[in-house]
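Data first, discussion second: the structure below is written as structure tokens.
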Amino acid sequence: MHKESTVRRYFQAWIDKDSSVLADVFSDEAVYTESYGPQYHGLKQISQWFADWNKRGTVLEWTIKQFISQGETVAAEWFFRCEYDSVTSGFDGVSVIEFDDEGKIVNLREFQSKAEHCFPYGDVSR
């Protein structure tokens, strides 16, 4: 449960633009890989990215759909919506998050998927 609350706290920090949370949730040696490729090594780089991103963007929503936990690893499925450089967009995603013995994030990898789905063979769910 502690791991899930740490993830929720981190996601909320983006909505609140609250960088003070970062040192509480990430280890000093953490590695963060964004869904489209950029990678940040250490709390200092993660904090710099957070500050730089929030100068140009605002997270409007980061809703967690579910958690899956195994040992020191948690996967969180989510929906993310933001405004960045005056453009609003959103996508579905999953974060695979590894924790250290102190309950801090040591590795976080994001994966994204388009939020809009098409049905090439018809929508049989209706």
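Just so we're aligned: the sequence shown equals residues 0 to 125 in numbering that gives the first Met the number 0.
Where is the CB? At the ideal position from N, CA and C, for every residue including glycine.
Note that the structure is predicted; figures quoted are calculated from it, not measured.
Open item on the list: By the DSSP assignment, the beta strand (DSSP E) with Ala-75 in it spans what residues?
Closed with: 72-83
Task: Per DSSP, cross-strand counterpart(s) of Gly-41 - done: Bridge partners of Gly-41: none, in fact.
Task: Residues bridged to Tyr-120 (per DSSP) - done: Partner(s): none; Tyr-120 has no beta bridge.
Task: Span separating the alpha-carbon of Ile-96 from that of Arg-80 - done: 20 Å
Open item on the list: Let's test the definition: count the other Cβ atoms within 10 Å of the Cβ of Ile-104 and tell me whether it reaches 16, buried, or not, exposed.
Closed with: buried
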